[in-house]
Structure formats: C-alpha cells, structure tokens
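Line by line, the protein sequences give chains A and B.
For the first sequence, position 198 (counting from the first letter as 1) is numbered 197 according to our numbering, and the numbering increases by one without interruption.
Every position in the second sequence, counted from 1, becomes a number in our numbering once 8 is added.
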Amino acid sequence: MDKLLEIKDLQVTFKTYAATVQAVRGVNLTVNKRETLAIVGESGSGKSVTSKAIMGLIPNPPGKITGGEILFEGTDLTKLSERKMQKYRGNEISMIFQDPMTSLNPTMTIGKQIAEGLRKHQGLSKSEARKRAVQLLDLVGIPNPQVRVKQYPHEFSGGMRQRVVIAIALACNPKLLIADEPTTALDVTIQAQILDLMKDLQAKMDTAIILITHDLGVVANMAHRVAVMYGGKIVETGTVDEIFYRPKHPYTWGLLSSMPKLHTRQSELLAIPGTPPDLANPPKGCPFAARCPHAMKVCTEFMPDYSDVSDTQQVACWLQDERAPKVEPPETIGVGGRTR
Amino acid sequence: MARYIAGRIGYLIITLFIIASFTFLLMQLLPGSPFNSEKLTADQIQILKHEYNLDDPIPIQFIHYIGGMLHGDFGVSFTYDGRPVSDLIVHRIGPSATIGFEAVVFGTIVGLLLGIIAALKRNTYIDYLAMFIAVLGISIPSFVFAGLLQYYIGVKLEWLPIAFWGGFKFHIMPAFSLAVGVIANIARFMRTEMLDVLGQDYIVTATAKGLSKASVIFKHSVRNAMIPIVTILGPMVVGIMTGSLVIEQIFAIPGIGDQFVNSITKRDYPMIMGTTLLFSILFLVVILIVDILYGVIDPRIRLGGGRKS
Ligand SMILES: Nc1ncnc2c1ncn2[C@@H]1O[C@H](COP(=O)(O)OP(=O)(O)OP(=O)(O)O)[C@@H](O)[C@H]1O
Ligand SMILES: [Mg+2]
Chain A
0 MDKLLEIKDL
10 QVTFKTYAAT
20 VQAVRGVNLT
30 VNKRETLAIV
40 GESGSGKSVT
50 SKAIMGLIPN
60 PPGKITGGEI
70 LFEGTDLTKL
80 SERKMQKYRG
90 NEISMIFQDP
100 MTSLNPTMTI
110 GKQIAEGLRK
120 HQGLSKSEAR
130 KRAVQLLDLV
140 GIPNPQVRVK
150 QYPHEFSGGM
160 RQRVVIAIAL
170 ACNPKLLIAD
180 EPTTALDVTI
190 QAQILDLMKD
200 LQAKMDTAII
210 LITHDLGVVA
220 NMAHRVAVMY
230 GGKIVETGTV
240 DEIFYRPKHP
250 YTWGLLSSMP
260 KLHTRQSELL
270 AIPGTPPDLA
280 NPPKGCPFAA
290 RCPHAMKVCT
300 EFMPDYSDVS
310 DTQQVACWLQ
320 DERAPKVEPP
330 ETIGVGGRTR
Chain B
9 MARYIAGRIG
19 YLIITLFIIA
29 SFTFLLMQLL
39 PGSPFNSEKL
49 TADQIQILKH
59 EYNLDDPIPI
69 QFIHYIGGML
79 HGDFGVSFTY
89 DGRPVSDLIV
99 HRIGPSATIG
109 FEAVVFGTIV
119 GLLLGIIAAL
129 KRNTYIDYLA
139 MFIAVLGISI
149 PSFVFAGLLQ
159 YYIGVKLEWL
169 PIAFWGGFKF
179 HIMPAFSLAV
189 GVIANIARFM
199 RTEMLDVLGQ
209 DYIVTATAKG
219 LSKASVIFKH
229 SVRNAMIPIV
239 TILGPMVVGI
249 MTGSLVIEQI
259 FAIPGIGDQF
269 VNSITKRDYP
279 MIMGTTLLFS
289 ILFLVVILIV
299 DILYGVIDPR
309 IRLGGGRKS
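Okay, here's the thing in structure tokens:
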C-alpha cells in the first residue's frame, strides 16, 4: 500500500500560565492512500491536536510543534512556511469540524464559501467557481443546489450545513480528509446519513480519511484501521478486526468494555476507574499505568517500545514482553457494539 | 421592507411631536423672558409680547406653533431682526455639518484600524498602547483636547489657525477634537468584536481552506466584527452633536451649535425649538438608517420579520 501521510515522533506543547502542557508526546502514525484511519481515545488524549498539527493549525502562541516530522507524500509539513502551507490546506488536505452550526461564516453565502477555495487553489474565475459550487452541493446531496448556493448558513439545518462543510472540504479533491468528530453535534439519523455520504464520496474521489470519533460503532462501520490514543501517545494500532477482536493493550480493553453492548444484558457500563494523566506533568512510564489493572513495576518507570503483534498491529505495552505474566483480555470487551 | 420603513417613519413623526411638546413646556419653565432688558418700559414689553403672540395663553401658543410646524414654518427669531428660524439654521448649518462629518469619517476609520490592530496584536505592547490611547480618549473631554491643540499647535507652533472659520486648515483642530471620542469608542468596541470573531470556528474553517491571512482577516473577520459597530453609530452622532456645542464656542465657529447656545441664553424661543427639533430629526434619522443598514449587512436579520435563529 502507498503511504500518503507518515507522522514520526510528533511532539506538540502548549505554554499556559501555569505550566507547559505536552499535548502530543511522540506520535507515530501512517495513513495510506484511500484508506480510513480512525483515531479513538479519551477526551484530552491529543486527537484534535494531532489533526490540527497536520493542517498547520496549531494556534501559536500558545501551541508549538516541538519535534518530529509530518511527511505528506514525502514533504515535511512542519518545515513549510505559512505561504507554502496554504497551498496544502484545503487543496491536498482538508478538514471537517465538529460543529456545523458554528463552522460556517454567517454573513457569506455558502456558494461564496465553497468558491473561495476553488478560486485560490485552482484559479477558477468567479462564474466557473460558482458552477462548480452548484455541482458540489449536488454531489453532497443538497436538493435545489441552484437556489441553495445563494443562501446563507442560517437557512440550512444542521445536517445540511455539515453537507456544505463537506462540500467545502472536498472542493479541490484533497488527497486527505480529516474529520474531527464530524457527526457528534448531529442527531442519530442525520449522523448515519453524513457518514454514508463520506463513505460514498471517499469511494468516488479516492480520498484518504482520518476519522476522529468517540463512537466505536462508527469506527466499525467506517474505518479500515484504528489508532488508539492515550495521554498524548498512540498505545495501539491495528486493523479494525484486530482492534475489535484481538486487542492487546489494557486501555483498548477498557475502551471496548466501556462501550454499550447490544445483545448482552448489562446493568451498567464499565467505566475505566481513575483519571487520565496530567499532561503538564506526564508520567515517566506508560501513561496508562496508574489506571491499568495489570500494571507492573516497570510500567511506571519506563515507556514500553512498540512491539509487532502482526504486520498491521502494533502495541506499546510491557505485557508483550516475554518476561511478563500472560494476561487474557476480559470478557467484557465482547464485540456487541458492532453495527455492521 | 417598504412597509417597514413607512412604519418607522410614522413612529419618527410621533416621536418628534412628543419631543416638540416637551421642549415647548420646558422652555416655559425657563426663568426670565426674551424682553427683560432694563431699557424697555412695561408698555414696550407688552407691545413686543403682543407682536410675537407671547401674550396668548400657553395652550394657544402651543397650538399655533405646532400648526406652523406642520406647514414647515418654525417661526421667526426674536433676536435676529425677525428672520425666519429655518433661514438662520440653513445659513449656519454648513460649518457644523462639515466638522461633524469630518469627525465621524476620520474617527471611524482611525478607530476601526486601531481596534483591528489591537486585536490582531493582542496582549502585545501595540495592543496596550492602542487601548491606552482609547482610554485617554474616552476619559478626557473634547474641550480639553481643543484647548491643548489651540495652545500647542495654534499658539506655540503656529501651524494651524486657533479659531474662526475658513478653508480646510480651520477644520482640522475642531474636527480632530470631536473625533477623539469617536476614535476611542470605536477602537475599544472593534477590538472586543474582533477578538470575539477571531475565536469563532468559521475563522478556523476559512484558514483550513488555505486562504491567505489577509483574506481571513478582511473577508471573514473584519466584516463580521463591524456589524455590531453599527449599533454605536447612533450614540456616536449624539456625542458629536453635543460635543459640537462646546467645540464651536471654543473655536468661534459660526455653526449651529454656537447659535443654539446663544439662543438659550437669550430666550429666543423659536430658535431653541427649531434647533432642538433639527437635532432630534437628525438623531432619529440616524437611528433609522442604522436599523436599515443592520438588515442589509447582516443577512440573519430580516427587517419586519424579526430574527431567524
Ligand atoms: N489551545 C490550547 N491551549 C492549551 N492547551 C491545549 C490547547 N488545545 C489543546 N490543549 C491541550 O491539549 C490536550 C489534548 O487536547 P485535544 O483537544 O487534542 O484532545 P482530544 O483528544 O481531541 O479530546 P476530545 O475527545 O475531548 O476532543 C488537552 O490536555 C488540552 O488541554
Ligand atoms: Mg477533540
């Protein structure tokens, strides 16, 4: 498979009054052409920061990429000037945000908002860009595109706005689309429609997708591969099947156990006890050690290296060490949440 | 839209009528009379009062006045040889309108720039300096600036004329004195609005499209930040009007403010009424224009139909 994006040892920090927060602490990630990679993990684990770093959208100050590389087709995006980066944004790499109610400019027609990127990146004339905007609205399933193109965001429902946002993102046929919780703000039926649309367009346009979500059902439905983040690090990656059926990291187990199951009768959801690490003072060892039921002495002292479980599955956990006791995953990880 | 504007004009007329009535009553409460010079005998005063219908009962005077007003007749001045009030006002309005207009235009442009720069350079020395200037401008009254300008630029440096009315040179100091408050208010307001807009998600969307910083700032941020500014235009015009009363005195400008102050000290009832009504009409029209403008620049507001969410 062709690598599209390769992140190597990415580090991002935020300087605040009180402390320096190490939001992303050495993330390694690969996205292949045309695939969907899901990033899952607890709130504050650094998913959004990682995706903003790819787009060059880390607000500076307070944020800064302090180390690592983001190779997009071999070019290190972290080294590009703001001007050069503008050629990638919206053109090669696009982003869809969480809340469609606030992510569109309220005083500009949606036609103009779609056309802006086309004019900048493809040098289209006003009327060409306008025509293309109508086509794009049609493509994302907005009825009456000729009329709609002249309207303002407040004339659209939430689901329709997210379609507009997708049209903006896909306007220039990007090779990579980053969707940060694209359906969290929408109601369930609309969520499914938007996800179907993304899947459909991905097939049509050969786009790779990084999908950030908290919903493991969505992961099962959409993704080819999954990266599990915890405490600013990726603790496990693998194919969807590997992560759902043969997870190796105790945090992944916890994540799967905390997911509601459809056909087992479960009186309460299994929350992972404890709180995530303070990224202003990150632990020396494995970030999950403090909450891990299988933690050993070594876990709090040293960060484990990645070990290959298969060609496609890597995990950073001391339990993989041959000297560690053999621990079986709990039964509660059962895959009842799959919606496929 | 047309219906909305027609309705608003109706309200405007009612408001004017109420203002006219109040001013008329308040004027009657002013102690003294236009004709209490020592040199006049009681008989002469009586004749003068009769001449100007001031011996009628107040309700009758009021009806006369309103009746005249409806025909566009604002009476004749007591002090300027019986010339019609409307003539006098038209004659004097030029200088006032000129410095008022210059102050609004200059003050708005400088204020907006200052606010935008302060927001873009937030929490740097540039920001602190801009806001320091703004606080000074708000807290120091315009006549203090006028005096300082006269002393340093007029008397010491002799760059500009200290007073009176003539070419553009004569406008600069009075217009600037009036503009200081405008600059300060607009700069502070604009900074707040800009910071608010810059933190909005759609600014990230615009950046994520690959637009240049300039496009993001001018096409997406400034435009949205300027919409609420429109709401302070009304109070700002009032500030300019009241400010000009003093400024015209200080710079000896033959404007309407100067004349207004004189007409009050001389109890020139028709002049007081006429000028008050003119100021009221100006203010009401500005508010009307602001409301219409708001609907034009903010597509979320449809006049007459209320706000859609
Ligand atoms: N602008 C910022 N200033 C300071 N700290 C920040 C900033 N943005 C993010 N962080 C910190 O970076 C860490 C990671 O945040 P991030 O938004 O990536 O989490 P996330 O995994 O996307 O969480 P969620 O699932 O809630 O969206 C958090 O600890 C957060 O406090
Ligand atoms: Mg996030």
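Here a beta-carbon is modelled for each residue, glycine too, at the ideal position from N, C-alpha and C.
As the structure is a computational prediction, the values presented were derived from the model and not from experiment.
DSSP three-state assignment for residue i, whether helix, strand or coil
i: B:L186; result: helix
i: A:M295; result: coil
i: A:V139; result: coil
i: A:M342; result: The requested residue 342 of chain A is not part of the displayed model; chain A covers only 0 to 339.
i: A:G116; result: helix
i: A:F71; result: strand
i: A:T331; result: helix
i: A:G230; result: coil
i: A:M197; result: helix
i: B:I148; result: coil
i: B:A171; result: coil
i: A:V148; result: coil
i: A:M94; result: strand
i: A:Q121; result: helix
i: A:K7; result: strand
i: B:P243; result: helix
i: B:Y88; result: coil
i: B:N5; result: The structure shown does not extend to residue 5 of chain B, since chain B is modelled only from 9 to 317, so the question has no answer here.
i: B:T318; result: Residue coverage of chain B in this structure runs from 9 to 317, which leaves residue 318 of chain B outside it and unanswerable.
i: A:N59; result: coil
i: A:R88; result: strand
i: B:A105; result: helix
i: A:Y19; result: Here the sequence assigns Thr to residue 19 of chain A, which means Tyr is not the residue at that position. In this structure, A:T19 counts as strand in the three-state DSSP scheme.
Contacts that residue i makes with chain B (C-beta to C-beta distance below 7 angstroms)
i: A:Q161; result: Chain B residues near A:Q161: none, gap ~12 angstroms exceeds 7 angstroms.
i: A:M221; result: Result: empty, since nearest Cβ-Cβ is about 21 angstroms, beyond 7 angstroms.
i: A:G89; result: A216, K217 and G218
Proximal residues of chain B, C-beta to C-beta of residue i below 8 angstroms
i: A:I167; result: T213 and K217
i: A:Q85; result: G218, L219 and S220
i: A:F243; result: By Cβ distance, chain B contributes nothing, its closest Cβ being about 31 angstroms from A:F243, past 8 angstroms.
i: A:L56; result: V212, T215 and A216
i: A:G116; result: K217, G218 and L219
Partner residues on chain A for residue i, Cβ-Cβ distance less than 8 angstroms
i: B:N232; result: N104, P105 and T106
Neighbourhood of residue i by C-beta distance below 8 angstroms, restricted to the same chain and skipping five residues each side
i: A:D348; result: The requested residue 348 of chain A is not part of the displayed model; chain A covers only 0 to 339.
i: B:I8; result: This structure cannot settle anything about residue 8 of chain B, because the visible part of chain B is limited to 9 through 317.
i: A:T188; result: none
i: A:L76; result: I53, G55, I69, L70, M84 and Y87
Amino acids of chain A, ordered along the chain, whose beta-carbon sits closer than 7 angstroms to that of residue i
i: B:H228; result: N104
i: B:P307; result: T106 and Y151
i: B:Q208; result: T101
Close beta carbons around residue i, own chain, < 7 angstroms, minus the five adjacent residues each side
i: A:T15; result: P61
i: B:V269; result: L253 and Q257
i: B:A171; result: F259 and A260
i: A:G89; result: G116, H120 and C171
i: A:G40; result: K46, V227, M228 and Y229
C-beta atoms of residue i and residue j nearer than 7 angstroms
i: B:I292; j: B:L20; result: The question names Ile, but residue 292 of chain B is Leu in the sequence shown. Yes, the pair counts as a contact, with Cβ atoms nearer than the cut-off.
i: B:F70; j: B:F32; result: yes
i: A:L103; j: A:P144; result: no
i: A:L210; j: A:A178; result: yes
i: A:V139; j: A:R118; result: no
i: A:L135; j: A:A184; result: no
i: B:L168; j: B:G162; result: yes
i: B:G76; j: B:V84; result: no
i: B:M198; j: B:L137; result: no
i: A:P275; j: A:G43; result: yes
i: B:G189; j: B:S147; result: no
6 angstroms CB neighbourhood of residue i in its chain, flanking five on each side removed
i: A:I242; result: V225
i: A:H223; result: E34 and T35
i: B:R196; result: A142
i: A:M94; result: M54 and I177
i: B:A1; result: Residue 1 of chain B falls outside the range modelled here, since chain B spans only 9 to 317, and no answer is possible.
i: A:R322; result: none
i: A:I233; result: V26 and A226
Proximity test, residue i beta-carbon vs ligand 4 heavy atom, cut-off 6 angstroms
i: A:V20; result: Judged by which ligands are present, ligand 4 is missing from the structure shown, whose ligands are ligand 1 and ligand 2.
Proximal chain B residues relative to residue i, where beta-carbon distance stays under 9 angstroms
i: A:L98; result: The question names Leu, but residue 98 of chain A in the sequence shown is Asp. Near A:D98 (Cβ distances below 9 angstroms), the residues of chain B are D209.
i: A:K119; result: K217, G218, L219, S220 and S223
Q: May I have all residues whose beta carbon comes closer than 7 angstroms to any heavy atom of ligand 2, sorted in chain order?
A: After applying the 7 angstroms Cβ criterion, the set is A:K46, A:S47, A:D179, A:E180 and A:I211.
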